[in-house]
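Visitor: This structure is in structure tokens; I'll ask about it shortly.
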Amino acid sequence: MAEAPFGLLAELTHRCPLQCGYCSNPLELVRRDAELSTEDWRRVFDQARSLGCLQVHLSGGEPLLRQDLPELVSHANSLGCYVNLVTSGVGLSRDRLRSLASLGVDHVQLSLQDATRAGNDRIAGIKAFDRKVEAAAFVREEGLPLTVNTVLHRQNLDHVAGIIAMAEEMGAERLELANTQYYGWALRNRAALLPTREQLAAADPVVASAQERLRGRMEIVYVIADYHEAHPKPCMYGWGARQLTVAPNGDVLPCPAATVISSLRIENVRESSLHDIWHSSSSFNAFRGFDWMQDPCRSCPRKEVDFGGCRCQAFQLTGDAAATDPVCSLSPSRSTVDQILATEMAPADVPAMAMRKMR
Ligand SMILES: C[S@@+](CC[C@H](N)C(=O)[O-])C[C@H]1O[C@@H](n2cnc3c(N)ncnc32)[C@H](O)[C@@H]1O
Ligand code: SF4
Ligand code: SF4
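What follows is the structure in structure tokens.
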């Protein structure tokens, strides 16, 4: 029997006022009329808590677009869960945050697209910067812990020092500098997003010295640009090990990107309980443990560290979800990644990004 999950990522909606071209949401977004109802979400939270989840991450899309957000926050809080609001900040007024905090929001994760107003708003596709700065101030006023999350790519990596300074100014306890993961819209826009080696080489020491300077004041988590590395990023804590995701339409996913693996049979909370899906579904059991692995992973000592890398990336780039993640230098498909880097990383002629739209 699998151990209990720690956290539920509740993607309440795919609707969002922003249009980030790096968004990891799927190209085919769940329409509003297919979203779970308030009652459905209450039942999902009940089942997640019974299963063992202690953290509920309210995300999307933009969770503030759900009119029933106060009720959902209050319900997750009444179950004893730690409630994290993952938001662009657009739509977060002082009164709204005060009310959500009183109902049980424990932590806010705010996305920031770039260091300056012009850069931020260009990447977000709308004027959002001033509202994010305001939202951060409201979070601080309310005394809630704040994490700033910035997705890094070719168009903002050179501004990493400014992004760190902005997060400090916003009063963040934690800054996640996450190099883009290529799923959904980000995969569609990869040629506009892949950073150059020179950009990464310049950013690495800036991040390292800020981590040192800000130790004890602001934690900086740096997620690597895995295409440029010799080893893959770990599959979370292992597939189906610590967290589950419920998509806006009730699909239950072992990883937020798992819809890309077309060979997986995805179950839905409208038809099965989270308990049954977590413990018995073919999707959650597909890559648990190590028995599913092929060589070189099967006989590699790093398998307990990285779990063979990302299953979604393996499927997207090789067509086989059980393959070694092709970013690994030991993968027989590493040349696929090298080829992508060679063709898409050329600094000239950066293509325009397709903006993700659904309001
Ligand atoms: C999909 S967003 C939804 C919540 C909200 N709209 C926001 O942007 O904060 C959830 C988190 O994923 C991050 N994110 C989005 N696309 C990503 C990507 N391709 N790679 C890594 N992180 C990504 C966002 O910055 C945000 O912190
Ligand atoms: S478009 Fe941007 S703000 Fe909206 S869900 Fe995607 S990452 Fe979040
Ligand atoms: S062979 Fe597999 S386990 Fe070993 S480093 Fe590469 S991806 Fe990780």
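No gaps in the numbering here: position 231 of the sequence shown is 231 in UniProt numbering, and each next residue is one more. Beta carbons are placed, not taken as given, at the ideal position from N, Cα and C, and that holds for glycine. Values in this document were obtained by computation on a predicted structure and should not be read as measured data.
Which class does residue 268 belong to by DSSP, given the choice of helix, strand or coil?
Guide: Here residue 268 corresponds to residue number 268 of the sequence shown, with the count starting at 1. DSSP places residue 268 in strand when its eight states are reduced to three.
Visitor: How many Å lie between residue 354 and residue 188 at the Cα?
Guide: The residue labelled residue 354 in the question sits at position 354 within the sequence shown. The residue labelled residue 188 in the question sits at position 188 within the sequence shown. Rounded to whole angstroms, residue 354 to residue 188 spans 8 Å at the Cα level.
Visitor: So, is residue 331 buried or exposed, given that buried needs 16 or more other C-beta atoms within 10 angstroms?
Guide: Mapped onto the sequence shown, residue 331 falls at position 331. Buried, by the Cβ-count rule.
Visitor: Can you list the alpha helix (DSSP H) stretches of 4 or more residues lying completely in the segment 56-115, in chain order?
Guide: Counting only runs of 4 or more, we get 69-78 and 94-103.
Visitor: Taking residue 232 as the reference, which of 307, 100 and 149 has the closest Cα?
Guide: Locating residue 232 in the sequence shown gives position 232, counting from the first residue. Closest option to residue 232, Cα to Cα, is 307.
Visitor: Going by Cα to Cα distance, which pick from 62, 12 and 260 is closest to residue 357?
Guide: Numbered from 1 along the sequence shown, position 357 holds the residue referred to as residue 357. Of 62, 12 and 260, the residue nearest in Cα terms is 62.
Visitor: Go through the segment 155-180 residue by residue and report every complete run of the alpha helix (DSSP H) that reaches 4 residues or more, in order.
Guide: Entirely contained in the segment 155-180, the alpha helix (DSSP H) runs reaching 4 residues are, in chain order, 160-170.
Visitor: Would you mind reading off the limits of the beta strand (DSSP E) that contains residue 147?
Guide: As a first step, residue 147 is located in the sequence shown; it is residue number 147 there, counting from the start. Counting along the chain, the beta strand (DSSP E) containing residue 147 begins and ends at 146-152.
Visitor: CB-CB under 6 Å to residue 76, same chain, minus the five flanking residues each way: which ones, in chain order?
Guide: As a position in the sequence shown, residue 76 is number 76, starting the count at 1. So the qualifying residues of the chain are 45, 56 and 83.
Visitor: By alpha-carbon positions, which one of 220, 20 and 29 ends up nearest to residue 125?
Guide: For the purposes of this step, residue 125 is identified with residue 125 of the sequence shown, where counting begins at 1. Of 220, 20 and 29, the residue nearest in Cα terms is 20.
Visitor: On the DSSP letters alone, give me the boundaries of the beta strand (DSSP E) that residue 27 sits inside.
Guide: Your numbering for residue 27 matches position 27 in the sequence shown. Taken as a continuous stretch (DSSP letters only), residue 27 belongs to no beta strand (DSSP E), as it is neither H nor E.
Visitor: Taking 7 Å as the cut-off, is the CB of residue 31 close to at least one heavy atom of ligand 2?
Guide: Numbered from 1 along the sequence shown, position 31 holds the residue referred to as residue 31. No, the Cβ of residue 31 stays beyond 7 Å of every heavy atom of ligand 2.
Visitor: With DSSP run on the structure shown, which of helix, strand or coil describes residue 277?
Guide: Working through the sequence shown from its first residue, we reach residue 277 at position 277. Residue 277 falls in the helix class under three-state DSSP.
Visitor: Should residue 245 be listed as close to ligand 1, given that the test is whether its C-beta is under 7 Å from any heavy atom?
Guide: Position 245 of the sequence shown, counting from 1, holds the residue named residue 245. Answer for residue 245: no, Cβ out of range of ligand 1.
Visitor: Does ligand 2 have even one heavy atom less than 7 Å from the beta-carbon of residue 219?
Guide: Position 219 of the sequence shown, counted from the first residue, corresponds to residue 219. For ligand 2, not one heavy atom lies less than 7 Å from the Cβ of residue 219.
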